[in-house]
Amino acid sequence: MKTKKMILALLITAATWSSCKKDDAAVPELAKPTAQNLEIGTNNNKRGIIGADFHLNADIVAGDKIDNVTVRIAQKTTETYTAAWKFEVSWETYKGAKNTNIHKHFDIPADAPKGKYDFFLIVTDQNGTKLEIREDFTILAAADLPFNPTFTFRNVPTDNQVYKKGESIIARFSVNNVRDEGTLCAVLIKESAKHYPETVSKIDFSKAITLGNYTDSTTPSWGMFNTLVVGAEVDYAVPAPLPISAAKAWESGRYNLLLIYENKVHNISIHKSIPITINYQ
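Just so you know, we're using full-length UniProt numbering here: the sequence shown kicks off at 1 and counts up by one.
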């Protein structure tokens with residue numbers, strides 16, 4: 001009798017355990033957000049300049065839907081700083097999106113102490129999960145850079161200027177306070193292409209009409225003076241002109257004229273985006 005009771009108890013325990021296991025297996029693990037093509041700073045240099053514009057880019061896919069996106073910059077416990085400081089900014093503009101490109105610019109505050117920091121990109125999902133990426137990050141003063149380039153604009157379009165077929169778009173500008181080899185480039189890109197390169201190396205020339213592309217290694221201040229007629233059949237790409245056809249064929253609509261300087265030797269670049277409209281009739 002005792003043996004039968006023991007066998008019965010074991011069977012009940014096994015059945016209960018099996019039931020619990022099935023219940024556990026029936027609860028799927030919630031999908032978490034993922035990130036690709038992360039750029040913390042220009043060319044992903046993972047540095048910010050006090051008082052200057054900072055660039056962040058990432059392609060996000062939510063587990064369910066995005067709730068919010070947060071950037072946090074925190075001081076390391078292993079470092080010494082001239083003052084206590086932290087920074088946080090959140091964006092709810094991506095709320096409800098399944099996948100999106102995060103492309104943000106903000107200034108590194110003027111009161112930020114120089115030093116090494118932890119940089120966090122945090123994506124909170126509406127299903128309750130969270131993606132948190134931590135990277136080492138450096139905050140510098142402009143005076144700490146090998147050089148601090150600037151643009152001088154002599155003849156470029158005004159914001160939202162309208163051009164008709166046959167009219168000329170002029171790109172006359174220079175870069176100043178530079179050294180070692182760098183590249184200066186001007187390209188025209190349709191807004192509908194959703195392509196916003198901020199360095200020459202990031203330009204997809206199948207989507208970009210080139211107005212000029214030059215490299216210099218000796219002059220501390222130099223520039224370009226190029227003209228492109230709306231309706232031209234080829235552009236000024238190097239080493240050879242490219243046809244203005246296919247994805248970049250002329251059409252009416254919004255365009256961005258991008259003026260870019262990139263120095264790969266020191267991983268320094270600057271850019272200017274000028275929105276224009278083309279009436280191609």
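Ideal placement from N, C-alpha and C gives every residue a C-beta, glycine not left out.
For residue i, does the count of other Cβ atoms within 10 angstroms reach 16, so buried, or fall short, so exposed?
i	result
V187	buried
N213	buried
R47	buried
A83	exposed
Q75	buried
H105	exposed
A246	exposed
T150	exposed
L131	buried
K248	buried
A31	exposed
A112	buried
T42	buried
T210	buried
G128	exposed
P28	exposed
Nearest-angstrom Cα distance between residue i and residue j?
i	j	result
I244	E233	5 angstroms
Y117	A141	14 angstroms
I66	D159	33 angstroms
V200	A208	11 angstroms
T80	I133	23 angstroms
T77	A171	48 angstroms
A35	I60	5 angstroms
I53	N267	Per the sequence shown, the amino acid found at residue 53 is Asp instead of Ile. Distance between the alpha carbons of D53 and N267 is about 15 angstroms.
F87	P109	9 angstroms
T218	P146	15 angstroms
L121	I49	18 angstroms
N155	I189	19 angstroms
Y255	E167	15 angstroms
G223	D216	9 angstroms
E92	R72	15 angstroms
Who are the Cβ neighbours of residue i in its own chain at under 6 angstroms, not counting the five residues just before and after it?
i	result
N57	E39 and H103
K164	N279
G96	K65
E262	T183, T199, V200 and S269
G51	A110
T100	I60 and Y94
C185	V200, N213 and I260
residue 286	This structure cannot speak to residue 286, because the chain is shown only from 1 to 281.
Just list the residues that DSSP pairs residue i with in beta bridges.
i	result
S90	T70
L30	Bridge partners of L30: none, in fact.
G48	I139
E132	I122
K207	Answer is none; K207 lacks a bridge partner.
H271	I260
Between which residues of its own chain and residue i is the CB-CB distance below 7 angstroms, once the five residues before and five after are set aside?
i	result
A143	none
S252	I278, N279, Y280 and Q281
F205	A237 and L242
V162	T277 and N279
Would you please state the rounded distance, in angstroms, between the beta carbons of residue i and residue j? I believe it to be under 8 angstroms.
i	j	result
V178	P220	6 angstroms
P33	V89	Wrong, their Cβ atoms sit about 18 angstroms apart, outside the cutoff.
F173	F153	5 angstroms
V230	I169	7 angstroms
Is residue i near the ligand ADP, judged by its Cβ being under 8 angstroms from some heavy atom?
i	result
G253	As presented, the structure is devoid of all ligands, the ligand ADP included, so that no description of it is given.
Please return the same chain residues whose Cβ sits closer than 8 angstroms to the Cβ of residue i, not counting the five positions on each side in sequence.
i	result
D107	G51, A52, D53 and F54
N45	N267
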